[in-house]
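Residue numbers (this note's numbering), protein chains in the order written: chain A, -14 to 339; chain B, 15 to 574.
Using N, Cα and C, we set each Cβ at its ideal position, and we do this for glycine too.
First up is the structure itself, then whatever we jot down about it.
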Amino acid sequence: MSIQSTISKAVGFLLLLWLVASSISPNPVDAADATAQLVAKSYEGAKKEGKLVIYGLGEPFLTPIATTFKKRYAGITIEAFDEPGAQSRERIIAEQKTSRLIGDIIIAGPTNHQMLTDLNYLEPFKTSQWANMIPELLPDIPNTNPLRASVFSVAINSKLIPPAEEPKVWADLLQSKFKGKMASDDPRGSGGGAGMIASLEKAFGVEYLHKLAAQDIFFSRDSGTILANLVRGEYSLFITASHDEIIAARKSGAPLKFLKPADGVRAAGNFQSIVKNAPHMNAAKLWVEWSTSEEGQQAFAKTGQAAARKGIKAGEPEADLTGVKLLPVVGGRQDMNLVKERTKRFETIFFKKN
Amino acid sequence: MRRLDLSFLLMSLVTLVVAFLILFPLAMLIYGSFWTERPGFPGNFTLDNYITAYGDTDTYKVFLNTALLIGAKTICAGVIALALAWIIARTDTPCRVMLETLIIIPFFVPGIMEAVGWIMLLSPKTGTLNVFLREVVGLEKSPFNIYSLWGIVWVMSLGSVSFLFIFFVTALRNMDAALEEAAAASGAGPLRTAVTITMPMIAPIVLGASFFSFIRAMDAFEVPVLLGLPAKVFVFGNRIYAAIEYDFPINYGLATALGASFFVLMLGLLRVQHKLLKGKEFFVITGKGYKPQVVRLGRFKYVTFAACIGFFVVATALPLSQVVVGSFLRVFGMTQWDMLTLENYHTIVTDPLVWRSLTNTVVIGGAAAILTVLLCSLVAYITTRTKYAGRNLLDLICWLPNAIPGIVAGVGMLWAYIMLPVPLFGTLTLLVIVFITIGLPVGVRLMSGVMGQLSPELEECSMVHGATWGQTFRKIILPLLKPALAAGILILFVNFSRAVSTTILFSVHGTELLAVTLFKYSQVGTRLGLVSALAVVLTVINVTAMLVARRLGAFGRPSD
């Protein structure tokens, strides 16, 4: 074989490789064009639809976010319905079963999206912004898109715990001075509190939970009374606090401080999906594209929510994850199937031993 | 003969409507308890739900706790309610109109806010009353802890008194005085007359209402969840709640299987009630005039006045003050001058969701209350006044919604109406249907109680004088029932305006209800101030409705 033929074969092979590669990952310019086309086409359709119904988004976030969206896409009204994810999920099941479709978008935790996917009640749609999102906050559930993150950690009443006494790592919570002074969300079932305790179990082992249980924790399913009692001083620490609740309370003047222990906080992705055969399908696609875009994510960040997109500056210190270690997040399909088992374990550890 | 056929047709139609409203969703629940998936979804027949529910020894501990809780609560609330009702309806205690209004107020306050109010008062370390007793009175330790079994009994008892009081005061006010006068003429004192004559005469209503209150308490989950969880006290309400809230996916089958024990318990209690009242007929409103006798208490009337005021202070003023103050605070719980704000009320005025919820509640709740009372009047007439073959069955069917806790009943209705080919889901019409269904047990009990007090001699007399059935109903029965109808509409409206567990799944975009919106806002930690403001608004609406109903003749008008 001559050198010339070898070179021409190599060039041919490289050309083929380039062709294959370019067909797999399209030229960024083409991708941007495709996104622009999708957005333009969706906007045209959305204007005719006139509105978008979202399950799982409420005040104080809704108004500022909807205003920014409306500035960009005039003629589309957002109607949102705030409720726990499980209720949105049941509502969508009922709507799909009766074909009386009302909601377009569901915003909820992974378990609810997983269940709706299993029932084939979600529209296959993937945002074009996928590659720009933080990998740890991407859903591993089909037909589900990223949106934002919820940060969970310890919140304290700063009037009762001076800076020198603040817990610096999670093991500090086991000190005797904190006994009888901690409150937590009920760790059974799914939800923020349960996810936080599950993360602690995964990071520090079940023994840590047994020691935590011995600290005589006050459990409740009602974060309203937990926060009210925290500011009044009934207890001093809330160990499964969600960052957005603490932001709102701090801004209103409550003496609350959101701590970020050196060994990690929990940042869990909060996802969104388009409901199958959504009545405002174009508006729904437009929303998913916009809410994951830089402008949309900045709008979310400005309200104090933690963005799921790379390079978005946090609007509030509680949501800032720069340089913060993250606890392992219990999620994904396999872990979700263990919720029942986990609930039984947590019930024994926290509710039956004492 | 033709009229008889028409009556028979009407009675059969009423029976069919009631049977459809109640039995169809119930059948879906029973089906669901034996099914591995939701009804309508592919699955298999299973007994696992029953094995899980009753194979766990914890279930029996929960039953024991529940019996203790509900027994204590029903007795406490029943005794207090009866005493207060007697004071208002049958004595010359001063300012009875005002006192009655004050006693009823807790009935209008959303249950969750009553519990929140008591948490603020009796939390072990920072509860306002505990702090007062430690720092002002000088006690070493806080005497009260709301997070306990007795804390739950306390809050639930106070919440039930007003509900029972409404039934009792109406019955006492509608009583014939002849027997009491005879007792007095025979030398019996006021107390003896009350115990030996008055109380036995209203026994059917006392037992019926207490029974209903007992079952409502079994169903209640808000207070046990809020107060029981921190104390690790588990009762039936939070056990069912756990099956729905903690299991993944939601274990409706287990919840339904647990709810089945309600059914058995209810049938048992119903039998006890029937045995207790067997052969006893109490026609307290007869053709001889029924102006109730007023017992002159002398100087003792100031003691009864003070007792009523005391009840109002403890049951209403103390917890409600926490809610009212909280509604003016930027951060609920931070009672400081610099925290005062009108922002929560401003949000109510400007929030379109709140306005939509408010309109839906008033329109749908009001329409449903009127329709329910009309249907219940017909049912009560059939079951107490006719020889219709299916009357006992009809009476039993109307009780069945009590067999299943509200949250599970809601699921049954959801499944049932999803399966119907008529597209009802997401409509206001379906909410009216749901309200009527959940309102039937209270409505029928209320109307039957009053109808049972009307002596048939009134109708017989009317008929003998040539009046038709329609004329008799319009000119004799309806005027006599007017206060009860108005009271029924009000009680049902208030019940509907507070209903969360059953209606939450039907409240979609455009059909939101105020209680559901309130519940959803309460789940957001920082919105307790707004929830308090909403609770205050809801209470004001309900109290206004009560005052209007009173002007229309509900509860009668005690002369002051």
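If you look at M167 of chain A, you'll find it in the beta strand (DSSP E) that goes 167 to 170. Where A140 of chain A is concerned, the enclosing beta strand (DSSP E) starts and stops at 130 to 142. Classified as buried, H265 of chain A has 16 or more neighbouring CB atoms from the shown chains inside 10 Å of its CB.
Scanning chain A for C-beta atoms nearer than 9 Å to the C-beta of R253 of chain B yields nothing, as the closest lies near 12 Å away.
Chain-ordered listing is empty here: chain A has no CB closer than 7 Å to the CB of P455 of chain B, the nearest sitting near 25 Å. DSSP places A382 of chain B outside any beta strand (DSSP E); the residue lies instead in the alpha helix (DSSP H), whose first and last residues are 366 to 399. Between S47 of chain B and A274 of chain B, the CB-CB gap stays under 8 Å.
Listed by position along chain A, the residues whose Cβ is nearer than 7 Å to that of I133 of chain B are T210. Closest in C-alpha terms to I160 of chain B, from the list B:N144, B:V150, B:L153, comes B:N144.
With distances taken between CA atoms, Y316 of chain B lies nearest to B:T107 out of B:F342, B:T486, B:T107. The Cβ of Q114 of chain A sits no closer than 8 Å to any Cβ of chain B. Secondary structure of M433 of chain B (DSSP, three-state): helix.
Just so you know, the alpha carbons of P333 of chain B and V130 of chain B end up roughly 8 Å apart. At a Cβ-Cβ threshold of 8 Å, M100 of chain A and R74 of chain A count as neighbours. Taking 4 residues as the shortest admissible run, the stretch 91 to 131 of chain B contains the following complete alpha helix (DSSP H) segments, listed from N- to C-terminal end: 110 to 118. When secondary structure is reduced to three states using DSSP, I63 of chain A falls in the strand class. Cβ proximity to chain A below 7 Å picks out L428, I432, P437, F439 from the stretch 418 to 439 of chain B. With respect to chain B, the C-beta atom of Q200 of chain A has no partner C-beta closer than 8 Å. The CB of E151 of chain A never comes closer than 9 Å to any CB in chain B; the least such distance is about 20 Å. Along the stretch 66 to 99 of chain A, going in chain order, the ones with a CB nearer than 8 Å to a CB of chain B are F66, D67, E68, P69, A71, Q72, E75, R76, I78, A79, E80, K82, T83, S84, R85, I87, G88, T96. Per the DSSP secondary-structure output, L354 of chain B pairs in a beta bridge with B:L343. Below the 9 Å Cβ cutoff, chain B contributes V239, L240, L243, P244 as neighbours of S205 of chain A, in chain order. Check the Cα spacing between Y266 of chain B and each of B:L35, B:T66, B:G463: the tightest is with B:T66. By the rule that beta-carbons nearer than 8 Å mark a contact, K139 of chain B touches chain A.
With at least 16 other beta carbons inside 10 angstroms of its own, F182 of chain B counts as buried. If the five residues before and after F226 of chain B are omitted, its C-beta is found closer than 8 Å to the C-beta atoms of N416, P455, V456, R459, all from its own chain and listed in chain order. Counted as a single uninterrupted DSSP element, the alpha helix (DSSP H) harbouring N97 of chain A occupies residues 95 to 103. Secondary structure note for K187 of chain A: its alpha helix (DSSP H) is the uninterrupted segment 177 to 189. Annotation for K36 of chain A: no alpha helix (DSSP H) segment contains it, though the beta strand (DSSP E) segment containing it runs 36 to 40. Close partners of G178 of chain A in chain B (Cβ separation under 7 Å) are lacking, with about 11 Å as the shortest Cβ gap. Inter-segment contact for the stretch 132 to 139 of chain A and the stretch 219 to 236 of chain A is present: three or more beta-carbon pairs are separated by less than 8 Å. When the beta-carbon positions are compared, L123 of chain A and G254 of chain A come within less than 8 Å of each other. Not one beta carbon of chain B lies nearer than 8 Å to the beta carbon of G35 of chain A. Straight through space, the alpha carbons of L495 of chain B and E326 of chain A are spaced by roughly 56 Å. Take the alpha-carbon of K155 of chain B and the one of E219 of chain A: they are about 14 Å apart. S47 of chain B sits in a helix when the DSSP states are folded into three classes.
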